[in-house]
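Be aware that the sequence shown starts at 1, since it is given in the UniProt record's numbering, and climbs by one per residue. Read through the structure below, which is laid out as structure tokens, and then see the notes.
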Amino acid sequence: METLLLIPLDDSVVFPGMTVTLAVDAGDEERVLLVPRKDDVFADVGTVAEVSERVRLPGGGRAVAFNALHRGVAGAAHADPSGELRVEVTERPDEAPAPARTRDLERDYRAVVGEILEIRGDDGRIAAFVRSITEAGALADTAGYSPDLTHEQKVELLETLDVVERLELSLGLQRERLTEMQVRKQIRDDVRSGAENQQREYFLRKQMDSIRKELGEDEGSVVDEYRTKIEESGMPDDVREQAERELGRLERAGEQSGESSMIRTYLDWIVSVPWSERSEERLDPVHAREVLDADHAGLDDVKDRITEYIAVRKLRREREIEEDRRSGAILTLIGPPGTGKTSIGESIARATGREFVRMSLGGVRDEAEIRGHRRTYIGALPGRLVRALRDAGTMNPVIMLDEVDKVGADWRGDPSAALLEVLDPAQNHSFRDHYLDVELDLSEVVFIATANVAETIPGPLLDRMEVVRFDGYTVEEKVSIARGYLWPR
1 METLLLIPLD DSVVFPGMTV TLAVDAGDEE RVLLVPRKDD VFADVGTVAE VSERVRLPGG
61 GRAVAFNALH RGVAGAAHAD PSGELRVEVT ERPDEAPAPA RTRDLERDYR AVVGEILEIR
121 GDDGRIAAFV RSITEAGALA DTAGYSPDLT HEQKVELLET LDVVERLELS LGLQRERLTE
181 MQVRKQIRDD VRSGAENQQR EYFLRKQMDS IRKELGEDEG SVVDEYRTKI EESGMPDDVR
241 EQAERELGRL ERAGEQSGES SMIRTYLDWI VSVPWSERSE ERLDPVHARE VLDADHAGLD
301 DVKDRITEYI AVRKLRRERE IEEDRRSGAI LTLIGPPGTG KTSIGESIAR ATGREFVRMS
361 LGGVRDEAEI RGHRRTYIGA LPGRLVRALR DAGTMNPVIM LDEVDKVGAD WRGDPSAALL
421 EVLDPAQNHS FRDHYLDVEL DLSEVVFIAT ANVAETIPGP LLDRMEVVRF DGYTVEEKVS
481 IARGYLWPR
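This is the structure:
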């Protein structure tokens with residue numbers, strides 16, 4: 001009997017024959033007893049191990065490499081002066097049983113382990129290692145190497161001192177493991193078989209679609225209808241290529257495919273954009289002033305500024321500098337609610353002969369509202385700008401960005417950052433909507449923004465704006481509005 005330092009193991013079990021490195025301090029000991037803990041109680045049997053190497057870790061800690069020798073039964077324990085726990089150990093090396101008692105068990109054990117390794121796809125090295133073991137006790141201990149065994153099962157295996165009983169226990173554990181692996185393999189095979197059947201069904205459906213096309217049934221007419229819309233839309237070449245790619249996907253996928261509805265929704269949107277439609281713009285400051293005077297009483301300063309804005313656009317066109325994207329500001333109408341900011345925008349559109357679309361931005365917090373949602377999301381749609389162009393029916397409408405001072409930001413992004421690209425004349429000629437994933441030329445759109453206060457408009461956005469302030473109406477102007485506009489109604 002020998003007294004050895006006890007080293008507890010909380011989450012591992014060391015079997016004889018193993019070589020392990022543990023982050024422990026074994027002091028000057030040459031041999032120790034490695035004892036696993038089970039339910040906060042030390043096991044009755046541990047493993048006698050000798051220290052082969054001491055290692056100092058980079059963080060200042062220590063680790064020790066052990067060679068596990070054989071089992072040892074823990075006896076009386078006491079604490080030494082340094083506080084370490086020492087136990088009296090009765091060493092129990094394996095006693096070789098009669099070959100007749102273990103021959104059949106060893107054969108069955110190797111057969112079961114061979115089936116397990118075959119299912120796992122072993123390259124032969126582990127099987128060769130198992131075949132090289134000649135001692136029955138060491139062969140039984142190999143079951144404890146498996147990561148599939150629970151901690152309690154490994155402790156039970158370590159505490160089984162009789163070699164025959166241990167071999168029977170190991171064989172039972174490995175058979176349970178084999179049964180579980182066979183069930184998993186059967187499930188995988190069933191899934192694979194189901195996938196192959198789905199693939200076969202897919203190819204059969206493709207053949208049915210081909211036959212349907214040859215017969216000139218409905219699906220072909222749907223594809224032809226989209227092809228006609230694409231040809232008549234007047235879209236740019238790069239957009240046409242994208243649309244034709246999606247049309248090819250629809251043709252190949254077939255009507256029964258799950259993605260056909262998403263492709264058709266995309267094609268519906270891309271052909272609904274008025275790529276080649278333009279309103280004939282009228283840049284006549286005199287006519288514009290007449291329209292503004294007819295629609296609004298008072299606001300002379302605002303009308304003067306808008307008339308000047310239209311005159312500058314006319315001058316730029318006459319001097320053929322309208323394509324200079326580095327200059328140009330967005331007209332922004334700032335004033336209290338009810339002062340006529342939105343109706344002024346409608347008058348500007350009527351005066352210039354353009355279509356008018358209003359985009360309310362109050363409370364918008366998701367950047368995707370401006371740029372659109374990516375098509376990978378279920379229920380994705382284009383952004384509000386694409387919808388505004390579709391509603392306007394032209395590529396050069398007047399788009400009013402209403403309540404731009406009430407745009408918010410949260411974890412979904414900052415819509416004002418997307419508006420920077422939209423309102424920047426140097427960038428908006430190549431605006432890319434996330435849903436359509438093609439470039440849109442917004443340089444012909446006249447953007448007019450409205451706000452109640454300028455203080456809450458983000459600074460970079462305000463820098464791109466030319467502010468026109470609405471100071472409200474005088475009493476005389478209110479009387480004139482009542483007589484000229486409200487009373488006749």
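Just so you know, even glycine gets a beta-carbon here, dropped at the ideal spot from N, CA and C.
Endpoints, the beta strand (DSSP E) within which residue i is located
i: M465; result: 465 to 469
i: I330; result: 330 to 334
i: G75; result: 62 to 79
i: V55; result: 45 to 56
i: T450; result: 446 to 451
i: I399; result: 398 to 402
i: K406; result: From DSSP, K406 is part of no beta strand (DSSP E); its letter is neither H nor E.
i: E2; result: 2 to 9
i: P36; result: 31 to 38
Per-residue burial, residue i [other beta carbons within 10 Å of its own, 16 or more giving buried]
i: V155; result: buried
i: E355; result: buried
i: P16; result: buried
i: H373; result: buried
i: A449; result: buried
i: P274; result: buried
i: P36; result: buried
i: I230; result: buried
i: F203; result: exposed
i: V239; result: buried
Short Cβ contact (8 Å threshold) for residue i with residue j
i: E91; j: A136; result: no
i: M359; j: I330; result: no
i: N67; j: E50; result: yes
i: E25; j: R56; result: Correcting the residue identity first, residue 25 is Asp in this sequence and not Glu. Their beta carbons are not under 8 Å apart, which means D25 does not touch R56 by this criterion.
i: L333; j: F447; result: no
i: L283; j: T352; result: yes
i: L6; j: V130; result: no
i: D433; j: P382; result: yes
i: L171; j: D108; result: yes
i: V438; j: S347; result: no
i: D402; j: T342; result: yes
i: L419; j: I457; result: no
i: K314; j: P285; result: yes
i: G397; j: V357; result: In the sequence as presented, Gly is not what sits at residue 397; that position holds Pro. Taking 8 Å as the Cβ cut-off, P397 and V357 qualify as a contacting pair.
i: L178; j: E115; result: yes
i: A77; j: L69; result: no
i: A454; j: V467; result: yes
i: residue 505; j: L299; result: The displayed coordinates of the chain run from 1 to 489. Any statement about residue 505 would go beyond what the structure contains.
i: A297; j: E367; result: no
Straight-line gap, residue i to residue j (C-alpha atoms, nearest Å)
i: K406; j: R249; result: 41 Å
i: V45; j: R166; result: 14 Å
i: V13; j: Y377; result: 49 Å
i: V113; j: Q174; result: 7 Å
i: R319; j: A311; result: 12 Å
i: M18; j: A380; result: 58 Å
i: R110; j: G27; result: 40 Å
i: L389; j: S233; result: 14 Å
i: A195; j: T228; result: 37 Å
i: G83; j: T21; result: 23 Å
i: S272; j: L247; result: 15 Å
i: E176; j: M208; result: 48 Å
i: L161; j: K185; result: 34 Å
i: S327; j: G363; result: Because S327 carries a pLDDT of 46, less than 50, the predicted location of this residue cannot be relied on, and no value is offered for it.
i: V183; j: D190; result: 11 Å
i: R464; j: A288; result: 24 Å
i: D39; j: Q153; result: 13 Å
i: N428; j: L440; result: 8 Å
i: V479; j: W487; result: 10 Å
i: Y226; j: E201; result: 27 Å
i: R188; j: E251; result: 33 Å
i: E308; j: R264; result: 46 Å
i: V48; j: R31; result: 7 Å
i: E421; j: D224; result: 36 Å
i: G484; j: A451; result: 27 Å
Residue i: first and last residue of the uninterrupted alpha helix (DSSP H) it sits in
i: M262; result: 260 to 272
i: E159; result: 151 to 159
i: F129; result: 125 to 132
i: E277; result: Looking at the DSSP string, E277 is not in any alpha helix (DSSP H), and its letter there is neither H nor E.
i: K341; result: 341 to 352
i: T307; result: 300 to 318
Integer-rounded CB distance, given that residue j should sit under 8 Å from residue i
i: R375; j: Y435; result: 6 Å
i: E277; j: M395; result: 6 Å
i: L4; j: V64; result: Actually they do not touch by this definition, with Cβ atoms about 14 Å apart.
i: P99; j: V163; result: So it is not a contact: roughly 12 Å between Cβ atoms.
i: A43; j: E159; result: 6 Å
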